[in-house]
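Going line by line, the protein sequences match chains A and B.
If you're matching positions, the first sequence starts at 1235 in this note's numbering and goes up one per residue.
If you're matching positions, the second sequence starts at 27 in this note's numbering and goes up one per residue.
Each residue gets a CB set at the ideal place from its N, CA and C atoms; glycine is no exception.
Here the structure is a predicted model, which is why all the values come from computation and not from measurement.
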Amino acid sequence: MLGDVFSYLTDGSNWSGSTGIGTFMVQQLLLTVTALLIAMVLGLPLALYLGHRHHGGTLAVNVTNVGRAVPVFAVLLVLALGPVGSEQFGPYGRAGLATLIALVLFALPPIITNAYVGVVEVDPGAVEAARGMGMNGAKVFSSVELPLAMPVVMTGVRVALVQVWATATIAALVAGPGLGRIITRGFANHRTYEVVAGAVLVALGALVLEATMALVQRYADPMRRARVSVTRSSPTAVGGPR
Amino acid sequence: MIRLSGVGKTYDDGTVAVRELDLDVRRGELVCLVGPSGCGKSTTLKMINRLIEPTSGRIEIDGQDITGEDPVRLRRNIGYVIQEVGLFPHQKILANVMTVPLLHGESKATARERALELLELVGLDPARYADRYPHQLSGGQQQRVGVARALAARPPVLLMDEPFGAVDPLVRLRLQDEFLRLQAELGVTVVFVTHDIDEAVRLGDRVAVFAAGGRLAQYDTPARLLGRPADDFVADFVGSTTGLRRLQVIPLDPAHLEPLDGVSVGDLGAAIDIDTTLGEALTVLLRDDRGMVAVKRDAQFVGVLTPNGVHRALRAALAEMATVS
C-alpha cells in the first residue's frame, strides 16, 4: 500500500495536467492565502482597535467564536446550495466564492481572539508610562502596544493559516478546487493509495506552512533582538562592560 | 508653581475619590502626598497630568489653568514615574530614555546626547548600560532608568507615584538619597506619592497627609507633622513611633554639643558630620556602644554629642514648633 502511495506521488505524470497534483496544490494554496488575507483585513484592524480601547473585545471574540461552533462543511453546503451558489469563481474554481466565505469565517476566530488578547495584555505599566510621558493614542498603539503584542497576534495568524489550509480540502465535497479532489477521486474510484496520497500531501503542506510562519514570526518579533542579546550576554550580564 | 483649588473627582457611580482639595506646591519644592490606600493621593497626582480628569476645581501650573490644555502636550512637559516603572521592554535603555526628547521633536543626535547625560546623572554608566534591554537590569536600576526617562526633556515638574515601592528596603534608601541629591541639583518641582510615612518625612520639604475620601488632613513640614499632628487621624497615621521618626528630621545643632575638652580619644567611637540628622547620630551612638560620638565639620571637630545632647535637641525642636504655631 505504502509502496503504491509512494509510486503515485513520484510519478511525474500525476503532477501535471489540469487535474494533476500541481494544479490542485496551487488552487489550494491560492484559496488558503486569499481566505487568510481577507480574514486579516477584516479581523485585525477591528480586534487591534478594540484591544487598544480595552473595550468590546469580549463581544467580538464571542461572536466570531460562534463560527468555530458551526461545522465549516455545513456552512459550505448552505452557501453553495443557497444564495451564493456553486458557479465557477475566477481562479478559485467551482463553488469558489462559497468556499472562500466559509474559510474566511473559519479563519476569523483565532485572528480576532489573538489580536485582541495580545493588545489587551500588554504590560499596563508600559502603556501608562507611555501615556504619562505624552504619547497620543495612535503613538501609544504603534510604539508600545503593537510591537509588544506582535508575537501573540502573529500566533493567531499562524494558527489560522494552518487550519485554513487543512480545511480547504473540503472544498472538493462540493466539487470545488484543491487537494481534496485527489481524495474524493480516490474514493470514487476505490483507489485507496490515491486517498492516502492526497491526505499525505495536505499534511505535508500544513507542516511546511507552519514552519514558514514560525520563521516569519521569529523575524517579525520586536522582542527577538532583546532575547537574543540575553542569550549572548547572560553569563556576563552582571559583570564587566560590553 | 502648582496650585490646586477646589479640585474634586467624583466618578460616575457616585464614588468620591477626591473632595474639594486645595494644595499649593512652590517652585523647586518636593511635596509628598501620603495616606492609607484609597485616600485619593494617586488620583490627585494623576489629575495634575490629566491621566484622570478632575470633575471640579482648577489646577494651575505656573499660573496657567491646565484643565483646558491639550493633555498630550501638557504631559510632555511633566515628568512621570510610576511604581511599575513601565520601561519599554522591546527597546534598549538608551532608546527608552530618548523617548520624550524625540516626542518633543528633538533630533536623534540631541536626544541621544541628552539621554547619555541623564543616565550618567542617575548613576548608570552609559558605556555599560545604554545598549542593554530593561529586563537585563535589576529593579533598582530599572527605576533609575525610569527617573532618567522622566527627566530627559528637562520638565519643570516631576510626578512620582510610589516610585520606590517595589524595590527592597536597602536599595530604596539608596535611591531616596540619590533622588534627593538629584532633585536639589536640578531644582525640579516634585509631587511624590507614597503610602510610607517614613519615606514621606525623609524626602518631603512638606508632606500632605490624606484621609479617606480625598480629605487633606494636614499639610506641613515633616518636623511639624510629627511634632504637632493636626488631629487624631494624623497622629494615628504617623504612628506610635513618632518620637523615633522625628529624630530623622531634626538636624544636629552645635548648641546641643558638648565641648571636646578633656575627652580622651579612647572614649570616642566613629566621628559623624554636623550635617547629619539626630537620628543618624543616635544610630552611630548606639552602634558603637559609647557614651558619646564626635561631631566634625569638614575635617575639624566641633564637639561631642551625648544622650543628654540628643534629648536637649529634641526638646528644643518641640519648643521651636510651639512658638511658630
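**Request:** Give the DSSP-derived three-state secondary structure of B:Phe-190 in the structure shown.
**Result:** coil
**Request:** Could you please tell me which residues of the region 96 to 119 of chain B, in chain order, have their CB closer than 9 angstroms to any CB of chain A?
**Result:** Pro-97, Val-98, Arg-99, Leu-100, Arg-101, Arg-102, Asn-103, Ile-104, Gly-105, Tyr-106, Val-107, Ile-108, Gln-109, Glu-110, Val-111, Gly-112, Leu-113, Phe-114, Pro-115, His-116, Gln-117, Lys-118
**Message:** Below 9 angstroms on C-beta distance, what does B:Leu-208 contact in chain A?
**Reply:** Neighbours of B:Leu-208 on chain A: none; closest Cβ ~18 angstroms, over 9 angstroms.
**Prompt:** Which one of A:Arg-1365, A:Ala-1273, A:Gly-1410, A:Met-1367 has the shortest CA to CA distance from A:Val-1398?
**Reply:** Residue nearest to A:Val-1398 within the set A:Arg-1365, A:Ala-1273, A:Gly-1410, A:Met-1367 is A:Ala-1273 (criterion: CA-CA distance).
**Request:** Please report how far the alpha carbon of B:Val-111 lies from the alpha carbon of B:Pro-189, in whole angstroms.
**Result:** 7 angstroms
**Message:** Between which two residues does the alpha helix (DSSP H) holding B:Leu-252 run?
**Reply:** 248 to 253
**Prompt:** From the beta carbon of A:Asn-1370, is the nearest beta carbon of chain B less than 8 angstroms away?
**Reply:** yes
**Prompt:** Since A:Thr-1426 is in the alpha helix (DSSP H), which residue starts that stretch and which ends it?
**Reply:** 1426 to 1454
**Message:** Which of the three DSSP states is assigned to A:Tyr-1326 in this structure?
**Reply:** helix
**Request:** Determine the direct distance from the alpha carbon of B:Gly-105 to that of B:Val-126, and round the result to whole angstroms.
**Result:** 9 angstroms
**Asked** Given a threshold of 16 other Cβ atoms within 10 Å of its Cβ, counted over all protein chains shown, does B:Val-193 qualify as buried or as exposed?
**Response** buried
**Prompt:** Interface residues of chain A around B:Thr-125 at Cβ under 7 angstroms?
**Reply:** Listed along chain A are Met-1367, each with a C-beta nearer than 7 angstroms to that of B:Thr-125.
**Message:** Do A:Tyr-1350 and A:Gly-1285 have their beta-carbon atoms positioned less than 8 angstroms apart in this structure?
**Reply:** yes
**Message:** Check whether chain B comes within 8 angstroms of A:Gly-1352, counting only Cβ atoms and requiring the distance to be less than that.
**Reply:** no
**Prompt:** Taking Cβ positions, are B:Phe-236 and B:Gly-61 nearer each other than 8 angstroms?
**Reply:** yes
**Item:** Buried or exposed (CB count within 10 angstroms, at least 16 for buried), A:Val-1374
**Value:** Burial check for A:Val-1374: the Cβ neighbour count within 10 Å reaches 16 or more, so the residue is buried.
**Request:** Please compile the residues from chain A whose C-beta is within a distance smaller than 8 angstroms of the C-beta of B:Asn-75.
**Result:** Result: Gly-1366.
**Residue ranges of each beta strand (DSSP E) within the region 117 to 193 of chain B, 3 or longer** = 183 to 187
**Item:** Inter-residue CB distance, A:Thr-1266 and A:Leu-1395 (contact presumed, cutoff 8 angstroms)
**Value:** Their Cβ separation, rounded to whole angstroms, is 7 angstroms, which keeps A:Thr-1266 and A:Leu-1395 in contact under 8 angstroms.
**Asked** For B:Asp-88, which option in B:Pro-182, B:Asp-48, B:Gly-166 has the closest C-alpha, if you only look at C-alpha atoms?
**Response** B:Pro-182
**Request:** Would you kindly work out how many angstroms separate the C-alpha atoms of A:Val-1378 and A:Val-1361, rounded to a whole number?
**Result:** In this structure, the straight-line span from the alpha carbon of A:Val-1378 to that of A:Val-1361 is close to 7 angstroms.
**Prompt:** Which chain B residues are close to A:Glu-1355, counting only those with a beta carbon under 7 angstroms from its beta carbon?
**Reply:** Those do not exist, as A:Glu-1355 stays about 13 angstroms from chain B at its closest Cβ, beyond 7 angstroms.
**Request:** Could you spell out where the beta strand (DSSP E) holding B:Phe-327 opens and where it closes?
**Result:** Element bounds for B:Phe-327: 326 to 331.
**Request:** Give me the Cβ distance between A:Phe-1307 and A:Ile-1404, rounded to the nearest whole Å; I'm assuming they're in contact under 8 angstroms.
**Result:** 6 angstroms
**Message:** For a contact defined as C-beta to C-beta under 9 angstroms, what are the partners of B:Leu-129 on chain A?
**Reply:** Met-1367, Gly-1368, Met-1369, Lys-1373
**Message:** Going by DSSP, what residue range makes up the alpha helix (DSSP H) through B:Glu-204?
**Reply:** According to the DSSP assignment, B:Glu-204 belongs to the alpha helix (DSSP H) that extends over 195 to 212.
**Request:** Could you tell me whether the Cβ atoms of A:Gly-1290 and A:Ala-1281 are closer together than 8 angstroms?
**Result:** no
**Message:** Could you compute how far the alpha carbon of A:Arg-1459 sits from the alpha carbon of A:Arg-1287?
**Reply:** 28 angstroms
**Request:** Pull up the CB-CB distance for B:Leu-352 and B:Val-123, whole angstroms please, since I reckon it's below 8 angstroms.
**Result:** Here chain B comprises residues numbered 27 to 351, so residue 352 of chain B is not present and cannot be evaluated.
**Prompt:** Would A:Gln-1262 pass as a contact of A:Gly-1327 if the rule is Cβ separation under 8 angstroms?
**Reply:** no
**CB contact below 8 angstroms: A:Thr-1470 versus chain B** = Here the model assigns A:Thr-1470 a pLDDT of 38, short of 50, so the residue's position is not dependable, and the following value carries that caveat. Output row for A:Thr-1470: interface = no.
**Message:** For A:Ser-1320, count the other beta carbons within 10 Å of its own beta carbon; 16 or more makes it buried, fewer makes it exposed. Which is it?
**Reply:** buried
**Request:** For A:Gly-1359, go through chain B and note every residue whose CB falls closer than 9 angstroms to its CB, in chain order.
**Result:** Ile-108, Gln-109, Glu-110, Val-111, Gly-112, Leu-113
**Asked** Is the CB of A:Met-1388 under 8 angstroms away from at least one CB in chain B?
**Response** no
**Request:** Find the residues of chain B that neighbour A:Pro-1381, judging by a C-beta separation of less than 9 angstroms, and give them in chain order.
**Result:** Within 9 angstroms Cβ-Cβ: Phe-114, His-116, Gln-117.
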